[in-house]
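S.K.: Basically the working numbering = 1-based index in the sequence shown + 1.
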Amino acid sequence: MLLFVDNLTNVDFSYLHTERGMLGETWLASASLEGALDEQGMVCDFGEVKRLLRHFLDKELDHCLLVPTLAPNLTLEQQDGQVNLTWTYGANKQLTCKSPAQAIALINAPTITPESVAKWCIDKLKQQFADSVARLDIRFAEEAIDGAFYHYSHGLKKHAGNCQRIAHGHRSRINIWLDGAKAVHLEADWAKRWEDIYLGSDEDLIKGDQQLHFAYVSAQGPFELTMPKSQCEMINTDTTVEWLARYIANTLAQQNPGKSVRVQAFEGLHKGAIAEAKI
């Protein structure tokens, strides 16, 4: 008998890519369990399955940086609850990250893909289910977006939860209107501008030339990140989705004087902020 849970939850995270560097991502998670029926006529209790899976994904993946530990271009050190890593990618680009271990998911694979992360999850989870479960399957999929979207990573040090982690992110759609008309060309411009971007707050920038170094201490501990300047955009506020929507709206209003701008900026799946501006 097969028990399935479609669109169980979504996870927002960043991961390291061999060519593109650090990418913000959002995946939908689904699961299925195969096994014999117990005395209640169930493979597993639906409520318990959903609770366990959501707790695992929230703790192990959501708002983490996913690191493929078998990649040859990774240098990794772990000491005293901290992870220090260097990632070389693309045309001799490099990023470094120092973070509390709880903010890093070390995936035993050469690359981060929906399949490699699913296998890692299954290996960690399969012993937590009842003996009646013969096989556990987890699937990850991107949201189907028919318009413009971008991948961004950021950190929100003032956040009380896991958003405080310096390297987590989202795959997000964007909608823009000028004087009430959909501005598809502007959506495409921002999708390109923030294709694989790190959005940094001015107050977190410690130093920078061609490499920008960010650092802060939050409730979970000290965080540091060094990124190529070409893959960063600096914001003079925090990088909450509310501030990002306002930042885009104000930038477009300055570029289009006399026109009303409306921006719907998403933060991952089905959530975000709307900002309006006119100059």
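Note that the Cβ used here is the ideal one computed from N, Cα and C, for glycine as well. Please read all numbers here as calculations on a predicted model, not as lab measurements.
Reducing DSSP to helix, strand and coil, say where C65 ends up.
M.R.: In the sequence shown, counting from the first residue as 1, residue 65 sits at position 64. Of the three classes helix, strand and coil, the one that applies to C65 here is coil, per DSSP.
S.K.: In whole angstroms, what is the alpha-carbon distance linking T97 and A161?
M.R.: To locate residue 97, count along the sequence shown from 1; it is residue 96. To locate residue 161, count along the sequence shown from 1; it is residue 160. Cα to Cα, the separation comes out at about 24 Å.
S.K.: Using only alpha-carbon positions, find the residue among L187, K193, I175 that is nearest to K272.
M.R.: Along the sequence shown, read from residue 1 onward, the residue named residue 272 stands at position 271. Looking at the Cα atoms, I175 is the closest of the given residues.
S.K.: Do three or more CB pairs link the region 193 to 201 to the region 100 to 114 at distances below 8 Å?
M.R.: The region 193 to 201, when compared against the region 100 to 114, does not touch it at the 8 Å Cβ threshold.
S.K.: My understanding is that L187 touches L245, with C-beta atoms under 8 Å, so please give their C-beta distance in whole angstroms.
M.R.: For the purposes of this step, residue 187 is identified with residue 186 of the sequence shown, where counting begins at 1. For the purposes of this step, residue 245 is identified with residue 244 of the sequence shown, where counting begins at 1. So it is not a contact: roughly 15 Å between Cβ atoms.
S.K.: Please specify which runs of the alpha helix (DSSP H), each continuous and at least 4 residues long, are wholly inside the region 182 to 240, giving them in chain order.
M.R.: With a minimum length of 4 residues, the continuous alpha helix (DSSP H) runs that stay inside the region 182 to 240 are 185 to 194.
S.K.: How far does the alpha helix (DSSP H) with P258 in it reach, from first residue to last?
M.R.: Residue mapping note: residue 258 aligns to position 257 of the sequence shown, counting from 1. From DSSP, P258 is part of no alpha helix (DSSP H); its letter is neither H nor E.
S.K.: List the endpoints of the continuous alpha helix (DSSP H) containing I123.
M.R.: Mapped onto the sequence shown, residue 123 falls at position 122. From DSSP, the alpha helix (DSSP H) with I123 extends over 115 to 126.
S.K.: What are the start and end residues of the beta strand (DSSP E) that includes R174?
M.R.: Within the sequence shown, numbered from 1, the residue matching residue 174 stands at position 173. First-last of the beta strand (DSSP E) with R174: 169 to 179.
S.K.: Work out the CA separation of D138 and W121 for me, nearest whole Å.
M.R.: Mapped onto the sequence shown, residue 121 falls at position 120. Mapped onto the sequence shown, residue 138 falls at position 137. Computed Cα separation, rounded: 11 Å.
S.K.: Alpha carbon to alpha carbon, how far is A182 from V218? Give it in angstroms, no decimals.
M.R.: The sequence position of residue 218 within the sequence shown is 217, counting from 1. The sequence position of residue 182 within the sequence shown is 181, counting from 1. C-alpha separation (whole angstroms): 43 Å.
S.K.: Can you check which of these residues, D205, L179, R55, is closest to Q255 by C-alpha distance?
M.R.: Within the sequence shown, residue 255 is the residue found at index 254, counting from 1. Minimum Cα distance to Q255 is reached at L179.
S.K.: Which residue from A278, Y248, I249, R247 puts its Cα closest to that of K260?
M.R.: Walking along the sequence shown from the start, residue 260 turns up at place 259. Checked all of A278, Y248, I249, R247; the closest Cα to K260 is A278.
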